[in-house]
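A quick write-up on the structure given underneath.
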Amino acid sequence: MQDNKRLTNSGSRTEKPAVPLKGKEATYSGIGGSRGITIGECYAFIKEESKHEIRELNEKNINEEIERFFAALNRSEHELKKIEQLTIRKLGKSYSNLFQAQIMMLRDPILLDTICNRIRSERKGAHLVIAEEFDHYFQNFKNSDNRIFQDRADDFHDIKNRIIRNLNIRKLHSWIPEGVIVASDSLSPADIILLSRSNVKGFVTDSGGKTSHISLICKSLKIPIVVGLGNISEKVSTGTPMIIDGNTGTVIIHPEEKTVERYHKIKEEAQKNEENTSLTAELPATTKCGVRITFYANIDFKEEVSTIKTAGAEGVGLFRSENLFTEGTNVPSESEQFTCYKEMAEAIAPMPLDIRLFDIGGDKLIYSPVKEPNPNLGWRGIRILIDLPKILDAQVRAVIRANRLGNVNILIPMIMSLEEIRYVRASVEKHYSELALETDEQVEKPRIGAMIEIPAAVELIDEITRSANFISIGTNDLTQYTLAVDRNNVIVQDLFEKFHPAVIRQLHRIITTANKNHCKVMICGDMGSDPLALPFLLGCGLRKFSVVVSDIPNLKSLVSRYSLAETEELARECLSLNTPVAIKSCLEAFHAGFDIS
5 MQDNKRLTNS GSRTEKPAVP LKGKEATYSG IGGSRGITIG ECYAFIKEES
55 KHEIRELNEK NINEEIERFF AALNRSEHEL KKIEQLTIRK LGKSYSNLFQ
105 AQIMMLRDPI LLDTICNRIR SERKGAHLVI AEEFDHYFQN FKNSDNRIFQ
155 DRADDFHDIK NRIIRNLNIR KLHSWIPEGV IVASDSLSPA DIILLSRSNV
205 KGFVTDSGGK TSHISLICKS LKIPIVVGLG NISEKVSTGT PMIIDGNTGT
255 VIIHPEEKTV ERYHKIKEEA QKNEENTSLT AELPATTKCG VRITFYANID
305 FKEEVSTIKT AGAEGVGLFR SENLFTEGTN VPSESEQFTC YKEMAEAIAP
355 MPLDIRLFDI GGDKLIYSPV KEPNPNLGWR GIRILIDLPK ILDAQVRAVI
405 RANRLGNVNI LIPMIMSLEE IRYVRASVEK HYSELALETD EQVEKPRIGA
455 MIEIPAAVEL IDEITRSANF ISIGTNDLTQ YTLAVDRNNV IVQDLFEKFH
505 PAVIRQLHRI ITTANKNHCK VMICGDMGSD PLALPFLLGC GLRKFSVVVS
555 DIPNLKSLVS RYSLAETEEL ARECLSLNTP VAIKSCLEAF HAGFDIS
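Read the sequence shown against my numbering and you will find it ends at 601, with the numbers running on by one and no gaps.
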C-alpha cells in the first residue's frame, strides 16, 4: 500500500461478544412499536466496522472508482430484489413496495449523476460521497416537523450502508440463533424481514418510532418491538435475559424471578383478553344503555385495508396520504394516486374512506429552497397545498375520480381559517365540473372535512362546523400547539400533557359545538386510543373514533361496560378540575371502578 493511502471504517453487522449474564434488574422506557410481551435472551446485533481504503484519486483511477460504485449499486439491487421476494412470501405484497422504492432510488439519475460528478470533481472516494449524500436525505427527514417522516429517516441509513458494504463485496450478515430477542442501535426493514426467518421473539432498538417501517412490519409479523430506547444497545450483550412489553414500551433487563412470574401472568391474561375481544370485535359497539359507538381505522398504507374488517373497524377515518411519497423524494402523480384511492375505496365499500390531503412540511419537497427555523409553525399542511396548487389539483382530481362508489371523503390538515376550507371546496367544485365534461362516468363529489389541531380552529369551531361536512380532532398537534410544547423535544417532553385542563376543555367545546350544529365529529389522535380517555370523550358527546386498528377490539369491549349517564357525570367532574394530576386521578378512579386492568 502506498504512503498516500489510509483506512477508514464503515459497517456491516455482526454479533456483540457475550459477557457475564448476572446483573441487577433495570427497566427502560421506549415506544411500543408493535404490541405483545415476550421473555427471553438477547442477541446483540451491532455494526461491524469495516475498513475502506482512501487514496488520492487521479485521472487514471477515477473511472475505476466510479465503476466500483456502479458494481456496488448492482449488487445492492440484487439483494433488495431477493428481500422483496421474501417479503412477498411472508406478508404478501404488503410492504414489498418499500423495497421497490429503494431500488428506484438506486436508479435515480439525479442522485447517481450527483455522486459521480462529485467523485470526479472533488476526487473523493465513492464511500465518502455516498455517505454524505444519503446523510443529507437522512437529516432532512430527521429534522422534519412530521413524525411519520422522522420515523422513516433510518431507511436512508439502510440504503447507504448497503451500497457502502457492497463497495467491498462484503456478504450480508443475516444468520442468528433461533428464538432470541434482537437488540440493536438501529434496524432496517430488510433486517427485520431477514432476521424474522430465525423465529425472533422480539426486537428492541435505540432509534425508531411508532410509525417507522420497522414498527409497521413487526405489527404485520405479530412480533413485539420496542423502539426509541436511546442507548439500550449499550446496556445489553448476547445472552442478557430480558423482557419486552410492546404494549407499554417497557424493556426490563436481568429481570428478577418475581418479575418474570408477574409478566408471565400479564401475558396469559392479555392472551385471554385478546381471545375474548376478538370474538366480539366484528359486532357493533354499543354502550351499556344501548347507544351505538363507531370505530374507524387510522392507516398508513393501502395494504392495511385488508385488516380493518376483522378488527371491527367500520371504515377508514384517517388515511395518511403523504406515505405515497416514494421515500419522500417524488410527488405522486394523479394516476398513481387515483389507482391507490380507487383500490382502497372498492376494497372497503360501502364503508367510508377519509383521505387526509398531503400533510407534509416544506422540507419534504426536495426542490424547495426553504429552510425554516421552526417548521412546526411554518410551511406545512394546507399552507403548502394552497401555495403549490399543482400538487393540490392532482390530489383533488385523483380523489374525485376514485369516488365512484360515493364513499371517499377529503380531510384538510392544519386548518386555521374558513378561507382554507373555501379554497379546497372551490378546487373540488372546479375539478368536479371539469371531470364531468371529460368523462361520462358518474362520480359523486367527496365530502369535505377539517382537521381541528390548532387553537385558532377551536376559536372558530362554530363557523367551521357550519362550513365543513365533518371534522376530525387531531389531539397530538392540538395539545402541542395549545401548550406550546414540541412533543419531539426531549427537554420539554414531560410538559406534553394530553390531560391538561386547557386541552380537555377544548375537546369538550369542539365536540359539543359540532353536535349542536349537526356536524359529524370524530377523534383521530392518540388520545382516542387511550382507554383512560375513552369514558371522558363519551361523556363529552363523542360517538365516533378513528384509532390504530389493533386497539379497536379492546376499545369496543370497554364501551360495552359504560352507560352514558356515568360517562357524562365523569366528564362534568373532570371539567371542573384544574390540574392534570387531579384529572388523571379522577379518570383512574373511574377506570378502577370497572375492574379494568
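The C-beta atom is built at its ideal place from N, Cα and C for all residues, glycine as well. For clarity, every value in this text was computed on a predicted model and none was experimentally measured.
At a Cβ-Cβ threshold of 7 Å, G44 and K214 do not count as neighbours. A472: not part of any beta strand (DSSP E); DSSP gives it neither H nor E. M526 is bridged by DSSP to S476.
Residue environment analysis places N78 among the exposed positions, since fewer than 16 neighbouring C-beta atoms fall within 10 angstroms of its C-beta. Only exposed fits C293, as fewer than 16 other CB atoms lie within 10 angstroms of its CB. Rounded to whole angstroms, the separation of the alpha carbons of D249 and V264 is 12 Å. With contacts defined by Cβ atoms closer than 7 Å, C528 and S550 form a contacting pair.
E45 is bridged by DSSP to P245. Non-local beta-carbon contacts of G545 in its own chain, meaning distances under 7 Å to residues more than five positions away in sequence, involve I515, T516 and N519 in chain order. Two segments are said to touch when three or more pairs of C-beta atoms, one from each, lie closer than 8 Å; by this definition the segment 352 to 361 touches the segment 395 to 413. With at least 16 other beta carbons inside 10 angstroms of its own, I180 counts as buried.
The continuous stretches of beta strand (DSSP E) do not include S310, which lies in the alpha helix (DSSP H) extending over residues V309 to A315. Between P535 and A285, the gap from beta carbon to beta carbon reaches 7 Å or more.
In this structure R111 is exposed. Its beta-carbon is surrounded by fewer than 16 other beta-carbon atoms within 10 angstroms. Apart from sequence neighbours up to five positions away, the residues of its chain that approach S554 with a beta-carbon distance below 8 Å are R39, K223 and A315, ordered along the chain. For the segment 537 to 582, the continuous beta strand (DSSP E) assignments of 3+ residues that do not extend past its boundaries occur at 548 to 552, in sequence order. The alpha-carbon of R266 is positioned some 19 Å away from that of T244. Counting along the chain, no alpha helix (DSSP H) covers Y300; the unbroken beta strand (DSSP E) around it starts and ends at R296 to I303.
For A596, the enclosing alpha helix (DSSP H) stretches over residues P584 to A596. Contact annotation: the segment 355 to 362 touches the segment 389 to 399, with at least three C-beta pairs closer than 8 Å. In terms of CA proximity to L328, S337 leads the group G321, N235 and S337.
For E577, the CB contacts under 7 Å within the same chain, skipping 5 residues up- and downstream, are C590 in chain order. Contact check between the segment 70 to 90 and the segment 113 to 132: three or more CB pairs, one atom from each, fall below 8 Å, which counts as touching. S476 and D159 have their C-alpha atoms some 30 Å from each other.
Comparing alpha-carbon positions, the option among V403, E307, K271 and I66 lying closest to I221 turns out to be E307. With a cutoff of 7 Å on beta-carbon distance, I167 and S80 are scored as near each other. K85 and L102 have their C-alpha atoms some 11 Å from each other. Look at S38 here: in three-state DSSP terms it is strand.
In this structure L538 does not touch L568 by the C-beta definition: roughly 12 Å separates them, more than the 8 Å allowed. Each residue's CA atom was taken as its position, placing E137 and G212 some 21 Å apart. Apart from sequence neighbours up to five positions away, the residues of its chain that approach E501 with a beta-carbon distance below 6 Å are P584, ordered along the chain. Partner residues in the beta bridge of I414, as assigned by DSSP, are I359 and I452. Between the beta-carbon of V489 and that of P450 there is about 34 Å, and that puts the pair past the 8 Å contact cut.
Excluding residues up to 5 positions away in sequence, F138, F142, S190 and S192 lie with their Cβ nearer than 8 Å to the Cβ of H161 in the same chain. Between the C-alpha atoms of R470 and G253 there is a straight-line separation of about 41 Å. For T443 and I119, the gap between their C-alpha atoms comes out near 45 Å.
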